[in-house]
Amino acid sequence: MPIYLDHNAGAPLRPEAAAAISRLIADAGGNPSSVHRAGQRSRRMLEISRAQVAALIGADPRQIVFTSGGTESNNLAIFGAITASSRRRKIVSSQIEHSSILAPLAELERRGFEIVRIAPDADGRIDPARVLAALDGETAIVSLGLANSEVGTIQDVAPLSSTCGNSGALLHVDAAQAVGRIPVDATALGCDLMTVSGYKFGAPAGIGALYVRDSARIAPVIFGGPHENGMRAGTPNLPGAVAVGAAAETAMHAMDEESDRIGSLARSLLNKLYDAIPGLRLNGPLVGKLPNTINLTFPGVLGESMLIALDLEGVEVSMGSACAAGAVEPSHVLRGMGRSIADARSSLRISLGWNNTADEIDAAASIIPAVWRRVADAEPLAEVSAR
Amino acid sequence: MKPRVLVAMSGGVDSSVAAAILREQDYDVVGVAMRLATEPTTPVAKRRGTCCSHDDFEDARRVAERMDFPFYVIDLRADFAARVVDNFVSEYIAGRTPNPCVMCNREIKFDRLWSRARALNADYVATGHYARIEQGVDGRFHLLRAADETKDQSYFLFTLGQDELSRTIFPLGAMTKTEVRARARALGLATADKPESQEICFVPDGDYASFVERRSDPAQLRPGSIVDRDGTRLADHAGVHRFTVGQRRGLGVASGERLYVREIRAESGEVVAGRREDLDSAGLVANRVSMVDDSMALAGELSVEVKIRYRHRAIPATMRVDSARRAEIRFTSSGPAVTPGQACVFYRGEEVLGGGFIERALEAD
């Protein structure tokens, strides 16, 4: 069996989520908007799931809007905010966001919005003071990732909430990588909007949520029926919703145990790799990051070769973001953190999750150095593109 | 353990069938599509079906899905630019006519890709080339023409030596194109009826001169005059990179008789034009000569058939290689226009003995 170490791309389905889907499929399957009792049963299941997701992030169920996933939640946050505050033409974010933030910002820049992208420090931290300095009365929304998808750095967003509130800007936190992995409390953070992605903590792809503190402050972007309190038209994805509800409940109850266990597995992997690979470098901070994520620069090799070689040996990791044609571009996150293009091309992201075992990590800790030695020997970087 | 083979897949029918055949023969097939060109391919390129576009990669991916083997896109753009495209541009600027497919095979498919293959623990590299490799009873490898003469691509492969041949598989060498297409249809491959790629993959519109101009410093270009054999100026031109020996069209000379490019003198910028019969040559000098079996290089004078352009017929000649890897080749009877920069490949019957790059023609007596 391959060793799956790419949970930040998507986690395997939790058995509790699979069971919830099975139970739903066995039911009549009414539309939650319908009047009949089949519809009522579906509606009840939908609302239970909503409460489970709300509980995971310290929110009220009425503040949870189900979406098709993190990308839709981010788009709803950004476009919903600028539509609702049409006078304001400025957005403050960072250089190291996910493409589902960066691409909407690029589109809005084309439409004439002013976009401020704060640079991170060398560990991927965004200085809250720099965000506050960019904030003004023109700012519609401040959008920051809570935990970076590639290096795992956790941002200190709590200090932003009162100033955002005073200046009338919405604070959006993309918590796709954090929710279900570390304790996240939307109310305590004081944000207005928070993105949740079910796929990252054991629900299937295709279900997510946006926490909306005050629904008067954003406008919908998908129009149709009055679903999701008018915030998101379209019959809710009930199989996804029951799965994300079950995954949320499981993740919440298991969180302390899981984050300790996964954190210690990741630390043990990192230490073994440090011992076996001279010159190996961790990208991102040692503390103040997701316990499951380790982003590493492997000396003297192309990350692309390592990634493929590891896959063929049954260790599944990732690198940067894949472009349309399938070739991998150097990570904008690592570039933003000041790493060279060459270093970014030599880097891989290893992300653990709920189902990884100590045996798997032991195996990975011996396979990865062996593959590194083979790749470094067969295809040394010095030879690449030169003769 | 099954031997692992890295198959270079372009998304065309040939490499698709090559991969599928190896999969059926129970190799551990790993498919790779190489991202090579840095300029986006144009809609024209798509129609003509050159390789390396996004759609072609998707076609290759579908073949891998259908035949159930892993497939990856690998990024060799920097290597391709440094080892193939830069050479293409500098050769044209120097008044020669390069053959980038030969360079790509030598530098990318059978060198750079081999490094990747070893990194991936592969034992072999395979491509959809039409050529055959056979191992003799003495253990030496022989490179042979394809069974399908009309598709034979052995010309592009002369740089392969014993090391390369020992780790290379050409699954299509014994097949005709018709058989390959039939096989693709039988396997249900989406690429079965794709058109042939024609142009050089990184110059999809076929306009080499403009490509060279885009990729070079204008100060490097050598404009000058078109002159006749006696040095009389016939016209001016915008750069020697716009010409190739043997070319007739585009000389911009009004003349009663048909004129051809006979010689390009990059230093002075002179392009010498002549009549068709002025193009004939007695032979050529080649450099960077490599032999498939290196012991052949020491064999003194060899009787061979030499092919001086891909689409030309091989003609009888005698040759001798010196210690600096240069060869003097004398045609048995006077030969056609010799184009510096092109590959000349030495055959003996079906077998490729080696080849080199044409430096200059030997004047007819």
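Protein sequence lines, in the order shown, are assigned to chains W and L.
Using the working numbering, the letters of the first sequence map in sequence onto residues -6 to 380.
Using the working numbering, the letters of the second sequence map in sequence onto residues 7 to 371.
Using N, Cα and C, we set each Cβ at its ideal position, and we do this for glycine too.
Note that the coordinates shown come from a computational prediction; the quantities given were computed from them, not determined experimentally.
Residue i: first and last residue of the uninterrupted beta strand (DSSP E) it sits in
{"i": "residue 204 (chain W)", "result": "201 to 205"}
{"i": "residue 77 (chain L)", "result": "77 to 81"}
{"i": "residue 141 (chain L)", "result": "137 to 141"}
{"i": "residue 107 (chain W)", "result": "107 to 111"}
{"i": "residue 344 (chain L)", "result": "Unbroken run through residue 344 (chain L): none, as it is neither H nor E."}
{"i": "residue 157 (chain L)", "result": "First-last for residue 157 (chain L): undefined, no H or E at that position."}
{"i": "residue 279 (chain L)", "result": "276 to 280"}
{"i": "residue 203 (chain L)", "result": "Unbroken run through residue 203 (chain L): none, as it is neither H nor E."}
Residue i versus residue j - alpha carbon distance
{"i": "residue 112 (chain L)", "j": "residue 168 (chain L)", "result": "13 Å"}
{"i": "residue 57 (chain L)", "j": "residue 83 (chain L)", "result": "Bear in mind that the predicted position of residue 57 (chain L) carries a pLDDT of just 48, short of 50, making it unreliable; the figure below should be weighed with that in mind. The straight-line gap from Cα to Cα measures roughly 14 Å."}
{"i": "residue 172 (chain W)", "j": "residue 66 (chain W)", "result": "14 Å"}
{"i": "residue 178 (chain W)", "j": "residue 41 (chain W)", "result": "19 Å"}
{"i": "residue 53 (chain L)", "j": "residue 157 (chain L)", "result": "With a pLDDT of 43 at residue 53 (chain L), under the threshold of 50, the modelled position of this residue cannot be trusted; read the value that follows with caution. C-alpha separation (whole angstroms): 21 Å."}
{"i": "residue 70 (chain W)", "j": "residue 186 (chain W)", "result": "7 Å"}
{"i": "residue 30 (chain L)", "j": "residue 191 (chain L)", "result": "15 Å"}
{"i": "residue 39 (chain L)", "j": "residue 309 (chain W)", "result": "20 Å"}
{"i": "residue 237 (chain W)", "j": "residue 104 (chain W)", "result": "35 Å"}
{"i": "residue 265 (chain W)", "j": "residue 351 (chain W)", "result": "13 Å"}
{"i": "residue 101 (chain W)", "j": "residue 243 (chain W)", "result": "38 Å"}
{"i": "residue 245 (chain L)", "j": "residue 120 (chain L)", "result": "37 Å"}
{"i": "residue 181 (chain W)", "j": "residue 151 (chain W)", "result": "8 Å"}
{"i": "residue 301 (chain W)", "j": "residue 292 (chain W)", "result": "16 Å"}
{"i": "residue 16 (chain W)", "j": "residue 279 (chain W)", "result": "42 Å"}
{"i": "residue 268 (chain W)", "j": "residue 274 (chain W)", "result": "12 Å"}
{"i": "residue 347 (chain L)", "j": "residue 79 (chain L)", "result": "31 Å"}
{"i": "residue 55 (chain L)", "j": "residue 95 (chain W)", "result": "Confidence at residue 55 (chain L) is low in this model, with a pLDDT of 46, below 50, so its placement is unreliable and the value that follows should be read with caution. For residue 55 (chain L) and residue 95 (chain W), the distance between alpha carbons rounds to 34 Å."}
{"i": "residue 130 (chain W)", "j": "residue 155 (chain W)", "result": "14 Å"}
{"i": "residue 182 (chain L)", "j": "residue 153 (chain L)", "result": "7 Å"}
{"i": "residue 48 (chain L)", "j": "residue 325 (chain W)", "result": "Residue confidence for residue 48 (chain L) is low, a pLDDT of 47 falling below 50, so the modelled location carries little weight; the figure read from the coordinates is stated next. Those two C-alpha atoms are separated by around 27 Å."}
{"i": "residue 245 (chain W)", "j": "residue 112 (chain W)", "result": "33 Å"}
{"i": "residue 254 (chain W)", "j": "residue 247 (chain W)", "result": "10 Å"}
Element boundaries [alpha helix (DSSP H), containing residue i]
{"i": "residue 165 (chain W)", "result": "Residue 165 (chain W) -> not in any alpha helix (DSSP H); beta strand (DSSP E) instead, spanning 163 to 167."}
{"i": "residue 271 (chain L)", "result": "No alpha helix (DSSP H) contains residue 271 (chain L), which is instead part of the beta strand (DSSP E) from 266 to 271."}
{"i": "residue 31 (chain L)", "result": "Careful: residue 31 (chain L) lies outside any alpha helix (DSSP H) and carries neither H nor E."}
{"i": "residue 170 (chain L)", "result": "168 to 172"}
{"i": "residue 348 (chain W)", "result": "Unbroken run through residue 348 (chain W): none, as it is neither H nor E."}
{"i": "residue 18 (chain W)", "result": "8 to 19"}
{"i": "residue 325 (chain W)", "result": "325 to 329"}
{"i": "residue 246 (chain W)", "result": "231 to 269"}
{"i": "residue 124 (chain L)", "result": "119 to 125"}
CB of residue i within 7 Å of CB of residue j, strictly
{"i": "residue 327 (chain W)", "j": "residue 335 (chain W)", "result": "no"}
{"i": "residue 232 (chain W)", "j": "residue 14 (chain W)", "result": "yes"}
{"i": "residue 57 (chain W)", "j": "residue 47 (chain W)", "result": "yes"}
{"i": "residue 17 (chain L)", "j": "residue 63 (chain L)", "result": "yes"}
{"i": "residue 367 (chain L)", "j": "residue 286 (chain L)", "result": "no"}
{"i": "residue 267 (chain L)", "j": "residue 233 (chain L)", "result": "no"}
{"i": "residue 321 (chain L)", "j": "residue 344 (chain L)", "result": "no"}
{"i": "residue 285 (chain W)", "j": "residue 5 (chain W)", "result": "no"}
{"i": "residue 130 (chain L)", "j": "residue 36 (chain L)", "result": "no"}
{"i": "residue 287 (chain W)", "j": "residue 343 (chain W)", "result": "yes"}
{"i": "residue 115 (chain W)", "j": "residue 331 (chain W)", "result": "yes"}
{"i": "residue 339 (chain L)", "j": "residue 276 (chain L)", "result": "no"}
Residue(s) in a DSSP beta bridge with residue i
{"i": "residue 324 (chain L)", "result": "L:309, L:336"}
{"i": "residue 296 (chain L)", "result": "L:361"}
{"i": "residue 188 (chain W)", "result": "W:167, W:203"}
{"i": "residue 58 (chain W)", "result": "W:203"}
{"i": "residue 90 (chain L)", "result": "Note: residue 90 (chain L) sits in no beta bridge, so no partner."}
{"i": "residue 147 (chain L)", "result": "L:141"}
{"i": "residue 137 (chain W)", "result": "W:166"}
{"i": "residue 282 (chain W)", "result": "W:146"}
{"i": "residue 288 (chain W)", "result": "W:276, W:342"}
Best match in the options for proximity to residue i [C-alpha to C-alpha]
{"i": "residue 161 (chain L)", "options": "L:213, L:185, L:136", "result": "L:136"}
{"i": "residue 307 (chain W)", "options": "W:189, W:93, W:360, W:216", "result": "W:360"}
{"i": "residue 345 (chain W)", "options": "W:-4, W:-6, W:0", "result": "W:0"}
{"i": "residue 22 (chain L)", "options": "L:66, L:71, L:219, L:102", "result": "L:66"}
{"i": "residue 352 (chain L)", "options": "L:319, L:173, L:33", "result": "L:319"}
{"i": "residue 217 (chain W)", "options": "W:61, W:225, W:192", "result": "W:225"}
{"i": "residue 307 (chain L)", "options": "L:96, L:328, L:295", "result": "L:328"}
{"i": "residue 221 (chain L)", "options": "L:93, L:336, L:361, L:128", "result": "L:93"}
{"i": "residue 272 (chain W)", "options": "W:219, W:-2, W:305, W:369", "result": "W:369"}
Distance cut-off 6 Å: residue i Cβ against heavy atoms of the ligand COA
{"i": "residue 67 (chain L)", "result": "Only the bare structure without any ligand can be found here, which leaves the ligand COA out of the picture."}
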